[in-house]
Structure formats: structure tokens, C-alpha cells
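Worksheet for the structure shown next.
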Ligand SMILES: Nc1ncnc2c1ncn2[C@@H]1O[C@H](COP(=O)(O)OP(=O)(O)OP(=O)(O)O)[C@@H](O)[C@H]1O
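Here is the structure:
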């Protein structure tokens, strides 16, 4: 509802029917309560969207529309009356030439010349406006005067006077008398002195319209005045009179044919004013709009027109140009006004209201059919859209195309062409941003938000940054693109070839900016259905180049080519972002493509890249020679390649490119730094571990494991595992084992000699010689109290009898007795005395051995068994003898493999002793 009310206000403002912009009238129109409307209107006023005119009733007008229509910025939004508002507008305007439609387009050069000529020191120069009737010559002369006034060239007291020479075509004497003045009695009827217009225009401007009707004699007199500043009044040939009036002439006829050469020589500037036909469609729509607006204001009615009327007005070739068009519109409004009931607020002008000679009845009925089908009744707001917004954009497009035409015709070089385009964009920016000539309505805000999002997403990562005001200018352009399609297409139809040539040039020369523009265009199209046509794409490309003037992205291009779903693009994106510049493009390749396919993709990519001089190529794998040979040889470029890609490296290369260093230098440095270094960091927490491994077999080890587990105060903190003795000595501990465990020590019967891990012989635990070592090995894992407990448990659990009881299922007392006796025999027979520790070790080992044999789990493997048997026959025989009682008692047989281990014990004893 709120926006509906605002729309109503906008409509009333657009149509100049201010009296309908009161709360009551709007409430009636929208069938809502007056109070609701009033509340919203006051909100608009507070938000600064509406102007409030404190009359009775109070009126509300669309502030932005008023500002746009008058091309001003209002500081106040509250006025006592309409007159007060008008005065505020007039005060700000000081517009002079800007009031002319086409002032910065078709009339631009006309106006520039007028300004320059009238300001020429010391007193300005005369000039002649030449153009068909009704093209605005009188108006331009009038505006020149206002300009001179505003510029302080003349004062308020110094007038603008007009002499239309054609009015005196049949009475040249009277013309002369009016122009130069006359003395009393100079001719019949001259009953008093007349100073003449030249004198009256002293210090100001005298506009001599239709000057071709000035007789030769008069032209000569005028020539003398222009030459010497003096003249005779009619009837007084004795005195010379002086005037410093500035002269402006106008004619519809060829000046060379209708003016004396002498006079013509005195007029240094002949300014040709274009006909209505030459004004182009946009200006014509603007003219129609302002003329209808003027009528709407005058008649206090909203004006609409049928499509037929509109079509007629835009297509008819009016011989009397703008004057005729105006007459036609006025006549149409007058006709419609008489048909319209007095209280009807809207005036619809239809084809029958126009002068009969303009519209053939057939055409009317034909167009009526089409009209009904389209239900096309146009409001002035529609016209405003078609002409107003589009005008600026159209001008921008036109000027860019003019620059391009000059480039194509080799009148300017590429650099000047670009600079020229930037200047055009700057002008557009001035018009939109500095002069605040853009109406920031909801639709505009929407376009701006969309564009900002697209630019942040797409352009920003490439280092293209812009100010908010640039964004407003671009949004205004985009906004216009979405609107005045009608006028644009009409106007630019014949320029399709030029536009496509411009497009090709920019794609080639500004390839990267072009690609960004294209991405933005695709984004806008996909997300908001906004369509950028080819020319708009070119304008966006130029904008991006303008924001990025300092960098020549298109000279050296970087390309990352890597396998994987988004490897290359991710690296390129990261580097472009961190260097804040568009350095790398990326090609992502599937994992399993051949080098030939890579080269094919590469060439396809390069062919789209336009003109560049150096290519820096980073590929993740593949032969550089093959790639080099595959690159399209016709490209006249330097190539630097590296078959290695990482973000760090791409960053270093990118940095070198950004700094403008030579490719040789960049790559040398990068290659040197590319040698990889490595460092393994194992931070994972490993479990501390005691490993039990016994030559007496896994069973012994497992029992040992249980004793140790029982002895440890914190069972879970330190793990106890078993490991097969033979595997251990053959294969050692694998590195993976150390990855998982922190092996504190190996406890067992025989030393497996693992370098990295200390060994605690079982017997040492029994005979109690290892307490210091235990302290060293376990201090990192046990606190003082735990250590004390651990040691005391070891003492308790590792007494020989306890150990044997735990390790075997046999009667420990009998078993130990047998083993001790047998070992005593052995020492005797061998003539050796084994150390206490070795004995204890052998007790344990042999007890376990016997139990294994009893339980049929004997060890029949021993590395190098054959060699042992061959070399140690005697020892085997001695053992057999000494242990014959044991063998018999337990009904077992000690195999050579078992004897080999006993041998090792004894041999170690020798090493120890
Ligand atoms: N650029 C313009 N913008 C708006 N209105 C214009 C413009 N040019 C002309 N007009 C309007 O067109 C009408 C004809 O203009 P004007 O009388 O100045 O033309 P002219 O060339 O002097 O004609 P003539 O040669 O017949 O004297 C006027 O009502 C004028 O206000």
C-alpha cells in the first residue's frame, strides 16, 4: 500500500497535476482511508522522499522527480506554496543552455560555439544561426543572452532585443528606422525621435531574426556599424551614433546567397542548427515529452496518448521542425481538451485529435487494431522512461562508438582511443554522480545491489577495485540497459557492424578485462535475468580497464595448468587474491588425460586470449618439450614454462610478474627455491611399552607378560606385549612398530640385541641386580611412589620360586631340583663355573623348556641348526648326559634345537665373565 501511495505521488508530480497530490485525493483514488494515506505521506516527507507544500490542502510531491526534472538538488523539502517551490527551483537552476533539449548531444557543438563567440573579449563577436524554420534558432539566441547574463558578461539592465526582419519585408525604410533609429520628421508619421534598437540594445544583445529579409542598403549600414561601431540615424546623415550592442543573426536561407559578402565577412561565425530529423529518436521523444508536460501543467490534467499518436509524432517529418511538432501537440491537446468532461482528471489524446493532415484514416484504424491488441496507452512517465533515462546512456554509447570510428578511420591511435573512452566514461560519471542526475528509486537500488554483489564476487578477486560512486555510475548504465531498449534498438540498429568490430577489438586487446565483464554479464543474466548486449559488454570492459589503468594485464599472461577438479583454479585464485592483481588464468584438467590432450586444451584457451606478448606457463606434470612443440607456433610470443606447480611457487612467479622482472630472472630464482626440504614431525602420542620376548617360547613370554602387568602400578599407562623371539632376531622391530609404541625395554630370557631398545634379562630381575636400570628406564612414566611400588612388586614377583611357579604348570620345587642338579653336572663336565645370573637364567629357561616338552610345545627351530649340530657335537652329548635323568623323569627328549639355546646362555655367560 505504501508504495502504491508513493507511485500515485510520483504520477501526479510527473504529470504536473499537483492539486491531486493531497491526502484526500490520493485516498479517493486508491479507495483507502485518508488517515492512512496522510500517515504514509508524512513518513515519505520525513524520509526525504517527498516535498511538502503547506497549502490547503497540503500537497506532497516526489522530491527525486522534481530534482530530476529540474536537474537540481533541493536542500529544503518544506515549502509554503507552489510559488515558493518554483522560486527555489529557479534560484538553483541558472540553467540557460541546459534547458534546451539536446544541449549535450545534437546541440552540443552549436552551444559551445555560441558560448565561445559571445564571450570573445572584449565585447563578444557577432554570429549567425543558420537552419530550417522551427529548429530553435530564436531560442538559442535567447539562451545565449541568458548565458551572457549569468556569466556576468552583461548586466540585468542590458537587454535582449529582437528584430524580425521578415516582418518588414515590404517596408525596408521602417525596418531601417527601427533598427538605426530616426529623427522626428524623418518620414511621414515620424512624429518624434526614436533611438532605434541598436541604441536600445546598448551593452546587451540585438537578435536579428530572418536576416535574409534585410535589404542590401540596410545590410551595408549594418556592415559599417560592425566595422567601425558607428551609424547614422534615419533622417540624420550628419551625426554618427555609437552602440556596443552585440549582434546575433538568424536565417533559414543559405547565407552565401542571401547576404552581402561584405556583411558576411563581418560575421566570423556561422553556426548551423540541425533539423528535427537530424536530432535522433531520443531527442525527439524528449521534445514530445516536455511539450506534453507543458500542456499538462497548463491544463491541470494528467495527459495520456494513444500509441498511434505517439507513433505519428515520432515518425512524421515535420517541415516546420520543432515548432511544427509543438503546434501539432498543442493542437492535439486543445482538441482532446474540448472533448474531455471538465471534471475528468485525465486527458487522453488520440489520433483524431491530431491535425487531419498528419494521420490518414486508414493508418489510424490499422494502428488502432494494433493498439487495442497491445492496450497501449502511453503515460508521460512511459515517455520519460523511453527518453529520459535512456538519453544519457545513449549518449555514452554514441560517444564511445564515435571514438571507435575515429580509431578505425586511423584518425587516432589505440592509446588515444582508450583515453577518449575513459574521458567519455568520466563525463557520464559526472552527469550521474556529481550532478546527481540519477533518480535512486527502488529499482535502481536493486540493480546497484546486484551489480555490487557481482563485482565483489568476480572483479574483486582480480584486484579490480572501485569506489561507490563508480558503482553508481555503472549501476545507472546497467539500469538504463534494462529499460530504454526501444529507443536504443531503433537508434543503434545501423551500428551493429561497428559494435561488433568494437567488441572484437576489446576482446583482443583487453582480453582479461573482457573476460571479467563477460563473467559479470553471465552472472547478472543467470541471477537476475539482466541482459547486457554486446555494446554494454564493451562498456563494462572499458570500465574495468579504466579502474585498472595502471596495469597492463594483457601483455604478460600467466596460466596454471593442473590435473584435478579445481587444483589450477584454486591456486590461480589464491595467487590473484593475495597479489591483488589478475596474474593467472587456470585450466583444470581431468586426472587421466594425455599430454596431447593437455596441449589441445592449452591451444584452445590461448586462441581465446587475444593479443599478448609473454606467456608464463606452470604445469603440474608432463613433458615441457612436448608442450612447447604443441603450442600453436603461429603465436609470436615468448613462453616461460615450468613443470611444477604449487601455491608458493605460483605466488613467487606471480610476484615477479607483478614487479615486471624478466622471465629469466623470475624462473631462475623460483627454480632454485623449488628444491623441496622435508621434516618429519611425529607428534602423535605413543603408548609406552614393555616387550616380553623369550627364547623359551611365546608361552613363557605370555606368562612373563602377566607377571609384569601385575607388577606395574598403573596397568593401563604402560602396555606389556609379547613378541616371538625368533621373529625378533630375524626381522628386528619394524619402523611401524616404533610409530605406535615407545618401547621402554625388552624383558626376556635371551638378549635379542635390538639396538634401539635396552634388554633386561629375566635373571637380572630375579637376582635383583637391575634396580638402577629400572629406575632409569621407567622414570619418565612413573612418579616416585609408583616407582617405589613397581620395584617392590618386582622383588616380590620375580623371586625364583615364584617365577618358576608362575612360569610352569609343573611342580616348581621338583623341577628346580632336577634342573639345578643337571646344571651342576653340566658345569662339572664342562669345567666351567657359571655366574649366578646365568644360572638363574638357565633355571628359568630350562624349567620352561621342560614344561614345553611336557606339553609338546617344544622348539624345533633354531637358525643355523645344522651348523650348530656339526660344530657342537660334544656339547650336545654333554647336555644329553647331564640331563638324562631329567629326560627320563619327565619322559621328554631335549632336541638339538633346544640345546642350541642352552649353549647360547652358557656362551653369553662367557662373554659376561
Ligand atoms: N532544443 C529545444 N528544446 C526545446 N524546445 C525547443 C528547442 N528548439 C526549439 N524549441 C521550441 O521549438 C519552437 C520553435 O523554436 P524557434 O522559434 O526558436 O525556432 P526558429 O528556428 O527560431 O524558428 P524560425 O526560423 O521559424 O524563427 C519554440 O517553441 C521553441 O521553444
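In full-length UniProt numbering, the protein residues as written are 1 to 913. Note that CB positions come from ideal geometry on N, CA and C, so glycine has one too.
Could you please give me the residues that DSSP links to residue i through a beta bridge?
| i | result |
| --- | --- |
| residue 586 | 560 |
| residue 686 | In DSSP, residue 686 forms no bridge with anything. |
| residue 719 | 689 |
| residue 236 | 233 |
| residue 182 | 194 and 234 |
| residue 114 | Its beta-bridge partners do not exist; DSSP assigns none. |
| residue 836 | The partner list for residue 836 (beta bridge, DSSP) is empty, contrary to what the question assumes. |
| residue 62 | 50 |
| residue 78 | 52 |
Relative to the C-alpha of residue i, which candidate in the options has its C-alpha closest?
| i | options | result |
| --- | --- | --- |
| residue 595 | 581, 629 and 584 | 629 |
| residue 503 | 480, 536 and 522 | 536 |
| residue 408 | 500, 787, 481 and 334 | 500 |
| residue 165 | 215, 148 and 379 | 215 |
| residue 891 | 87, 427, 855 and 518 | 855 |
| residue 553 | 590, 612, 135 and 472 | 612 |
| residue 584 | 543, 516 and 526 | 516 |
| residue 222 | 204, 203 and 245 | 245 |
| residue 158 | 843, 198 and 41 | 198 |
| residue 59 | 239, 80, 342 and 701 | 80 |
| residue 707 | 863, 794 and 204 | 794 |
| residue 427 | 769, 344, 735 and 396 | 396 |
| residue 309 | 639, 132, 566 and 348 | 348 |
| residue 280 | 764, 101, 260 and 131 | 101 |
| residue 712 | 679, 759, 285 and 779 | 779 |
| residue 509 | 587, 415, 575 and 444 | 415 |
| residue 250 | 721, 273, 186 and 242 | 273 |
| residue 87 | 70, 557 and 99 | 70 |
| residue 480 | 506, 533 and 453 | 533 |
| residue 313 | 304, 284, 643 and 301 | 284 |
| residue 627 | 182, 598, 725 and 130 | 598 |
| residue 36 | 653, 693, 49 and 22 | 22 |
| residue 75 | 107, 55, 50 and 755 | 50 |
| residue 496 | 797, 277, 398 and 467 | 398 |
| residue 562 | 641, 836, 645 and 636 | 645 |
| residue 44 | 621, 84 and 2 | 2 |
| residue 336 | 326, 113 and 354 | 354 |
| residue 602 | 19, 641 and 676 | 641 |
Is it buried or exposed, residue i, if we count other Cβ atoms within 10 angstroms and call 16 or more buried?
| i | result |
| --- | --- |
| residue 228 | exposed |
| residue 126 | buried |
| residue 400 | buried |
| residue 16 | buried |
| residue 370 | Model confidence at residue 370 stands at a pLDDT of 46, short of 50, so the residue's coordinates are unreliable; what they give is reported in the following sentence. Classification of residue 370: exposed, given that the 10 Å Cβ count is below 16. |
| residue 375 | Note that residue 375 scores a pLDDT of 43, beneath 50, so its modelled location is shaky and nothing firm can be said. |
| residue 752 | buried |
| residue 900 | buried |
| residue 814 | exposed |
| residue 700 | buried |
| residue 851 | buried |
| residue 373 | With a pLDDT of 42 at residue 373, under the threshold of 50, the predicted position of this residue should be treated as unreliable, and no value is reported. |
| residue 565 | exposed |
| residue 142 | buried |
| residue 122 | exposed |
Looking at chain B, is there any beta carbon in it that lies within less than 7 Å of the beta carbon of residue i?
| i | result |
| --- | --- |
| residue 685 | Going by chain labels, chain B is absent from the structure shown, which holds only one protein chain. |
Inset, instruction - Could you say if the stretch 841-861 and the stretch 801-813 meet the contact criterion of at least three C-beta pairs nearer than 8 Å? - result: Three or more beta-carbon pairs separated by less than 8 Å link the stretch 841-861 to the stretch 801-813, which places the two stretches in contact.
Inset, instruction - Evaluate contact between the stretch 530-545 and the stretch 468-479, counting only Cβ atoms and requiring at least three cross-stretch pairs below 8 Å. - result: Cβ pair count under 8 Å is three or more, so yes.
Inset, instruction - Decide if the stretch 575-582 is in contact with the stretch 519-538; the criterion is three or more beta carbon pairs, one per stretch, under 8 Å apart. - result: No: fewer than three Cβ pairs fall under 8 Å.
Legend entry - Three or more C-beta pairs below 8 Å linking the stretch 182-197 and the stretch 233-250: With the cut-off at 8 Å, the stretch 182-197 and the stretch 233-250 touch.
Legend entry - Given 8 Å, three or more beta-carbon pairs between the stretch 317-336 and the stretch 125-143: Segments in contact, yes.
Inset, instruction - Assess, as a yes-or-no matter, whether the stretch 862-871 is touched by the stretch 774-790 under the definition of 3 or more beta carbon pairs within less than 8 Å. - result: As far as the Cβ criterion goes, the stretch 774-790 does not touch the stretch 862-871, which means the pair count is below three.
Inset, instruction - Take every Cβ of the stretch 760-775, pair it with every Cβ of the stretch 657-672, and state whether three or more of those distances are shorter than 8 Å. - result: Short answer: they don't touch.
Legend entry - Given 8 Å, three or more beta-carbon pairs between the stretch 335-347 and the stretch 254-269: In short, these stretches do not touch, since the Cβ pair count stays below three.
Inset, instruction - Give a yes or no on contact between the stretch 738-746 and the stretch 684-694, applying the rule of three or more CB pairs nearer than 8 Å. - result: Segments in contact, yes.
Legend entry - Cβ contact check for the stretch 729-736 and the stretch 877-890: 3 or more pairs under 8 Å: With the cut-off at 8 Å, the stretch 729-736 and the stretch 877-890 do not touch.
Inset, instruction - Flag this pair as touching only if the stretch 170-179 and the stretch 275-291 have three or more C-beta atom pairs under 8 Å; answer yes or no. - result: Note that the stretch 170-179 does not touch the stretch 275-291; fewer than 3 beta-carbon pairs, one per stretch, sit closer than 8 Å.
Legend entry - Cβ pair count under 8 Å reaching 3, the stretch 296-311 against the stretch 256-263: By the Cβ rule, the stretch 296-311 does not count as touching the stretch 256-263, because fewer than three pairs are nearer than 8 Å.
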